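Just so we're aligned, residue 561 is where the sequence shown starts under the working numbering, counting upward by one.
Some notes on the structure that comes next.
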Amino acid sequence: MKDCKKVASYRCPCCSRLTLKGRGMFEICPVRFWEDDWQDNHDAEVVRGGPNRTLSLAVARQNHLTTGASDPVDLPHVRGPTSDEV
C-alpha cells in the first residue's frame with residue numbers, strides 16, 4: 561500500500577512557509593508556531609482571541625520578523641524552515 565501522507569502545500573499566513581496541509585484547519589506552523597484559524601490579509605489587524613490568544617496576524621507577522629516566533633513566549637517551540645518549506 562502506498563504511503564498516503566498529505567504533503568504540506570499551503571503557506572502559513574504568518575511566515576509564508578509551506579508548512580500547512582490545508583488552510584483554516586487549526587494546524588500549528590512548526591516554523592513560527594502560528595495556529596492557522598483562517599485569518600488572512602483581509603482581517604490581519606483583528607484580534608480574534610481563540611488559539612492565537614491576544615495576537616492579531618499583523619502583530620504575529622511583526623513578531624516573526626523581530627523575534628523568530630509569532631509570539632515571543634513560544635520561541636522554545638519554533639524551528640527553522642526546511643529546504644522544502646521555502
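Just so it is clear, CB atoms sit at the ideal spot from N, CA and C, and this is done for glycine as well.
Given the structure is predicted, the values throughout are model-derived calculations rather than measurements.
Beta-carbon proximity list for residue i, same chain, < 7 Å, skipping 5 on both sides
i: Glu-605; result: Ser-616 and Ala-618
i: Asp-634; result: Phe-593
i: Asp-632; result: Looking at the sequence shown, residue 632 is not Asp but Pro. Around Pro-632: Asn-623.
i: Pro-641; result: Arg-577 and Val-591
i: Lys-520; result: Look at the range of the chain in this structure, 561 to 646, and you will see that residue 520 is not part of it.
Reduced DSSP secondary structure (H/G/I, E/B, other) of residue i
i: Glu-645; result: helix
i: Arg-621; result: helix
Those residues which DSSP pairs with residue i across a bridge
i: Val-607; result: Ser-616
Contacts around residue i, its chain only, beta-carbon distance under 8 Å, and the 5 residues preceding and following it disregarded
i: Thr-614; result: Val-607
Cβ separation of residue i and residue j, assumed to be a contact under 8 Å, to the nearest whole Å
i: Arg-592; j: Ala-629; result: 6 Å
Boundaries of the beta strand (DSSP E) in which residue i is found, first to last residue
i: Leu-578; result: 578-580
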